[in-house]
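Residue numbers (this note's numbering): 5 to 171. Think of the CB as a built atom: it goes at the ideal place given N, C-alpha and C, for glycine as much as any other residue. This report refers to the structure that appears directly beneath it.
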Amino acid sequence: MGSSSVITPEDVLESLMNDGTIDALRLKIINQLKANEELKNTTIKMAEQSKVLNTAGAEKQTKRELFDALRQELEIPVLERASKSVWELILDSGGLGKEISETVERVFCKLSGRELPLFPYSNDEREPEREVEEEKRKGEDKEKVNSNSKPKKRSFRDMNAERSASE
5 MGSSSVITPE DVLESLMNDG TIDALRLKII NQLKANEELK NTTIKMAEQS KVLNTAGAEK
65 QTKRELFDAL RQELEIPVLE RASKSVWELI LDSGGLGKEI SETVERVFCK LSGRELPLFP
125 YSNDEREPER EVEEEKRKGE DKEKVNSNSK PKKRSFRDMN AERSASE
């Protein structure tokens, strides 16, 4: 592609899909989820506390009936927990999230004919600044937890805007 054409997010995504990068990242995410002991323990605890399993007569149901009832009761909360864990992995500035960002940037540069890096500062140079921001955010989160107001869910767009602003 010439340097005069505009590279869209779709172009980058298509390249990542065609070269197998998306599949490789998906596999890394799945493996990290499988290794997540906190997620496993939470899921086990949810099953142990299940109304379906702790209801009188549950032992008389078939495995299929129990499985279907458990799935109906726990599918949404378990998937919400897993989704939260996936987003933590994706947004992690030191692990998989960093790898994803660098990969996307590298593909964009390759497609547009630009030199790496696009951004003048490396993550290592910004770490102290990021740590201060994270500590500040943790303090704000504690304040939110301690307040009696109902927590609000943030959209993906809001989270990205906050992350961009802190970087």
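Contact check, residue i vs residue j, beta carbons under 8 angstroms
| i | j | result |
| --- | --- | --- |
| A51 | L43 | no |
| F112 | V10 | no |
| E77 | K55 | yes |
| L93 | S19 | no |
| T107 | T46 | no |
Backbone secondary structure at residue i - three-state DSSP
| i | result |
| --- | --- |
| V149 | Any reading at V149 must be qualified, since the residue scores a pLDDT of 43, below 50, and its modelled position is unreliable; the value itself is stated next. Helix, per DSSP. |
| E131 | Low confidence applies to E131: its pLDDT is 49, below 50, so where it sits in the model is not reliable, and the reading given next is rough at best. Three-state result, E131: helix. |
| R118 | coil |
| K36 | Going by the sequence as given, residue 36 is Gln instead of Lys. Helix, per DSSP. |
| A86 | helix |
| V56 | coil |
Whole-number beta carbon distance between residue j and residue i, since they are thought to touch under 8 angstroms
| i | j | result |
| --- | --- | --- |
| S86 | L37 | Contrary to the premise, residue 86 reads as Ala rather than Ser in this sequence. Correct: roughly 6 angstroms between the Cβ atoms. |
Proximity winner among the options, relative to residue i (alpha-carbon distances)
| i | options | result |
| --- | --- | --- |
| N35 | V82, A60, L100 | L100 |
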